[in-house]
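Remarks on the structure that follows.
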Amino acid sequence: MTYSEVYAAWKADPEAFWMDAAQSIDWAEAPSKACFADAEPAGEWFADGMVNTCWNAVDRHVEAGRGDQIAIQHESPITHATKGITYAELQKRVASLAGALRMRGVEKGDRVIIYMPMIPEALEAMLACARLGAVHSVVFGGFAAHELAVRINDCTPKAIIAASCGLEPNRVVHYKPLLDDAIDQADHKPEFCVIFQREQEVAKLIEGRDFSWHGFQYGVKPADCVPVEGNHPAYILYTSGTTGQPKGVVRHTAGHLVALNWSMKNIYNIEAGDRFWAASDVGWVVGHSYICYGPLIAGATTVVFEGKPVGTPHPGVFWRIIQNNRIKSFFTAPTALRAIRREDPDGEWIRRYAKHDLQAIFLAGERADPATIEWAEKHFGVPVIDHWWQTETGWAIAANPLGIELLPVKPGSPSVPMPGYDVQVLDEGGSPLPAGELGAIAIKLPLPPGTLPTLWNAEDRFKKSYLTTFPGYYETGDAGMIDEDGYLYIMARTDDVINVAGHRLSTGAMEEVLANHPDVAECAVIGAADALKGQVPLGFLCLSAGVTREHAEIVKECVAMVRDQIGPVAAFKQAVVVDRLPKTRSGKILRATMVKIADGDSFKMPATIDDPAILDEIATALKTIGFAPEPQDA
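With UniProt numbering, the residue at position 127 of the sequence shown is 127, and numbering never jumps.
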């Protein structure tokens with residue numbers, strides 16, 4: 001079947017489509033139907049089925065005779081370690097940890113926070129919770145104590161599983177003192193903590209509360225899988241909220257299984273025995289969906305990578321791992337490719353390694369500019385596929401479905417909506433806009449399986465955040481358009497559509513132009529307050545390695561390019577060259593914070609920021625062009 005036929009089949013009979021997809025999952029009790037549309041607040045999927053995630057991700061592959069296949073391949077260029085864990089080994093390790101947790105009182109419905117770096121034990125902890133029906137909440141390893149304390153108070157975990165430390169290229173991140181501080185700050189106290197001691201740092205354990213990973217499991221009886229209802233929460237994943245209070249995205253068990261299993265074959269063209277790598281972190285949604293659960297549910301080999309795209313030790317580390325593990329589909333963030341491109345603009349490191357089985361590179365997490373896509377296509381000779389989704393949705397809203405058919409790639413577009421997503425572009429009144437017009441992107445309810453059914457202990461906030469602006473729709477918070485071929489274009493967050501003298505303009509469109517300048521490796525555009533025009537666009541340019549030209553000349557050329565390709569209406573007249581852009585640890589550029597600095601507004605330091613010192617550099621750069629009057633940290 002073609003993509004059009006598959007999408008039409010879903011639209012004609014969503015119930016039959018998803019019940020058919022559910023046949024690929026092992027059920028303890030099959031569901032009576034797919035969609036429970038009347039379930040508050042926004043519907044549920046396969047709610048009356050009984051199923052276990054760990055069984056589907058681990059045990060069934062062992063039962064099928066593939067226990068000797070590598071399930072998890074750990075690659076740590078920081079420690080120079082490489083290690084494979086088979087499905088049979090994974091089953092024993094996960095059952096042992098689950099048995100130890102059960103012995104200490106962890107049962108179905110209990111919450112467990114996981115605070116770990118990129119090591120196989122992080123996945124084992126997630127799967128052990130799923131095995132028992134416990135609800136895990138992974139917090140990015142090394143997150144500040146206050147932020148961890150906020151999450152402890154919100155989900156009230158019975159236990160916390162952590163590592164003694166994490167590793168950065170030039171330093172050890174001390175997890176245990178952060179964990180102790182967070183527990184001291186939190187009103188809720190976990191009953192116990194399990195600490196995986198790494199050889200780079202052995203943490204001090206608090207007697208009576210803390211247990212070492214191996215000692216905790218000594219002599220315990222392995223736990224079997226506990227079937228849970230289809231609408232039982234599998235996990236809570238916190239995403240930053242506009243109020244500064246994190247939002248706990250809930251993922252129900254059955255819809256999660258069905259959607260991820262469908263996506264692995266149809267989007268990424270990955271089946272049992274294939275090798276898949278998502279270069280992300282278990283603290284983010286990509287790590288949940290496509291490092292841990294998706295590949296393992298499909299019976300593939302997944303890579304757990306502890307390192308950076310550059311500097312551990314060089315900008316060829318990604319390609320070395322792709323070569324050595326014969327990766328079939330590779331998933332990373334555009335910001336990672338931009339970092340590599342900046343260090344290796346001519347692709348010299350890429351040519352050092354064989355690509356073997358690589359069929360495609362998938363990008364998500366930040367808008368993929370056409371210049372980066374074209375650079376990667378030129379050097380890899382495989383399709384470079386942008387696709388778009390959110391923490392809330394858990395899997396792709398729009399993609400190029402490689403496992404169904406490779407559609408023509410349109411640089412700047414994540415291609416077309418996936419089955420389950422009726423994507424509309426709406427005006428401010430909620431009416432659909434014609435092709436080519438910029439508006440708010442919304443998804444007609446019900447959302448498909450695998451997406452969030454609500455927020456943890458915050459149903460009213462869920463409705464207000466996502467369902468109120470456009471009744472009958474899920475509000476994505478993104479702005480863009482759909483072209484005459486049905487391709488979607490994500491141009492900016494809704495907040496990043498700026499109003500210049502009455503003209504609604506996309507900062508993403510301007511970034512697309514700037515990224516095409518031969519000396520620009522990465523860029524960002526924000527809208528700053530202006531007394532005359534309301535807002536004016538400001539550009540930030542990071543230059544490629546080795547560029548020695550005068551910065552003023554490069555800025556002048558960039559201004560001319562925007563004027564030529566978007567027009568004088570954009571009023572794009574100012575840009576500054578900076579060494580780096582402020583980003584979250586997952587690679588998203590912190591444009592909203594940059595706007596507050598430019599406007600002189602107070603702001604709260606983003607909890608997810610990679611390096612707070614960058615904000616001072618941005619403020620200094622803005623002052624050279626007359627902005628950032630009095631930046632403050634509220």
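Even glycine gets a Cβ: it sits at the ideal position worked out from N, Cα and C.
Predicted, not measured: the structure shown is a model, and the values here were computed from it.
Quick check on residue i: does DSSP put it in helix, strand or coil?
i, result
"THR584", "strand"
"LEU426", "strand"
"THR476", "strand"
"GLU511", "helix"
"TRP319", "helix"
"ARG102", "helix"
"TYR87", "helix"
"LYS463", "helix"
"LYS378", "helix"
"ALA47", "coil"
"LYS247", "strand"
"CYS129", "helix"
"LEU532", "coil"
"ALA145", "helix"
"GLU392", "coil"
"GLN632", "The pLDDT assigned to GLN632 is 47, lower than 50, so where the model puts this residue is not dependable, and the model offers no usable value."
"GLU75", "strand"
Label residue i either buried or exposed according to how many other C-beta atoms from any shown protein chain fall within 10 Å of its C-beta, with 16 as the threshold for buried.
i, result
"SER32", "exposed"
"VAL202", "exposed"
"ASP13", "exposed"
"GLY381", "exposed"
"GLU75", "buried"
"ASN170", "exposed"
"SER4", "exposed"
"GLN632", "Note that GLN632 scores a pLDDT of 47, beneath 50, so its modelled location is shaky; the value from the coordinates is reported in the next line. Exposed is the call here."
"GLY626", "exposed"
"ILE206", "exposed"
"HIS146", "exposed"
"ALA515", "buried"
"HIS288", "buried"
"ARG251", "buried"
"PRO629", "exposed"
"VAL412", "One point to set straight first is that residue 412 is Gly, not Val, in the sequence displayed. With 16 or more other Cβ atoms within 10 Å, it is buried."
"ASN325", "buried"
"GLN73", "buried"
"THR454", "buried"
Whole angstroms are fine: how far does the CA of residue j sit from the CA of residue i?
i, j, result
"MET1", "ALA8", "11 Å"
"MET418", "HIS551", "43 Å"
"VAL497", "PRO449", "30 Å"
"GLN185", "SER212", "23 Å"
"THR620", "ILE614", "10 Å"
"GLY347", "HIS379", "6 Å"
"ASP616", "LYS583", "13 Å"
"ARG209", "PHE196", "14 Å"
"GLN390", "ILE397", "8 Å"
"ALA501", "LEU622", "22 Å"
"VAL258", "ASP422", "18 Å"
Name the residue from the options whose alpha carbon lies nearest to the alpha carbon of residue i.
i, options, result
"HIS372", "ASP386, ALA360 and ALA145", "For clarity, residue 372 is Thr in the given sequence; the question names His instead. For the residues ASP386, ALA360 and ALA145, the minimum Cα distance to THR372 belongs to ASP386."
"PRO117", "ARG342, HIS174 and GLU475", "HIS174"
"ALA492", "SER431, ALA560 and LEU590", "LEU590"
"TYR474", "LEU296, GLY480, PHE462 and GLU484", "PHE462"
"VAL595", "ASP59, PHE211, GLY436 and VAL536", "VAL536"
"GLY65", "GLY273, GLY142 and TYR268", "GLY273"
"VAL304", "GLY450, PRO120, PHE330 and GLU511", "PRO120"
"ASP180", "PRO629, GLU306 and ALA162", "ALA162"
"ARG151", "ALA607, ASP427 and PRO177", "ALA607"
"CYS225", "THR548, HIS188, ILE322 and GLY99", "GLY99"
"LEU158", "GLU437, PHE192, LEU148 and THR82", "This sequence places Lys at residue 158; Leu is not what is there. Nearest of GLU437, PHE192, LEU148 and THR82 to LYS158, Cα basis: PHE192."
"SER586", "ASP599, GLY283 and LEU178", "GLY283"
"ILE490", "ALA122, ARG367 and ASP530", "ARG367"
"LEU460", "THR393, PRO432, GLU40 and PHE140", "In the sequence on display, residue 460 carries Asp and not Leu. Of the listed residues, the one whose Cα sits closest to ASP460 is GLU40."
"THR507", "ARG549, GLY480 and VAL249", "GLY480"
"PRO233", "VAL578, LEU132, GLN91 and GLN73", "LEU132"
"HIS256", "HIS188, LEU363 and ALA57", "ALA57"
For the ligand MG, is there a heavy atom less than 7 Å away from the beta-carbon of residue i?
i, result
"PHE331", "Looking for the ligand MG in the displayed structure turns up nothing, as the structure carries no ligands at all."
Excluding the five sequence neighbours on either side, which residues of its own chain have a C-beta within less than 8 Å of the C-beta of residue i, listed in chain order?
i, result
"ALA634", "Note that ALA634 scores 40 on pLDDT, short of 50, meaning its location in the model is unreliable; the coordinates nonetheless yield the value given after this. Taken in chain order, the residues that qualify are SER602, PHE603 and LYS604."
Whose C-beta lies closer than 7 Å to the C-beta of residue i among residues of the same chain, with five residues either side of it excluded?
i, result
"LEU406", "PRO383 and ASN400"
"residue 691", "The structure shown does not extend to residue 691, since the chain is modelled only from 1 to 634, so the question has no answer here."
Report all residues from its chain with a CB closer than 6 Å to the CB of residue i; omit the five preceding and five following residues, and keep chain order.
i, result
"GLY142", "GLY166 and VAL173"
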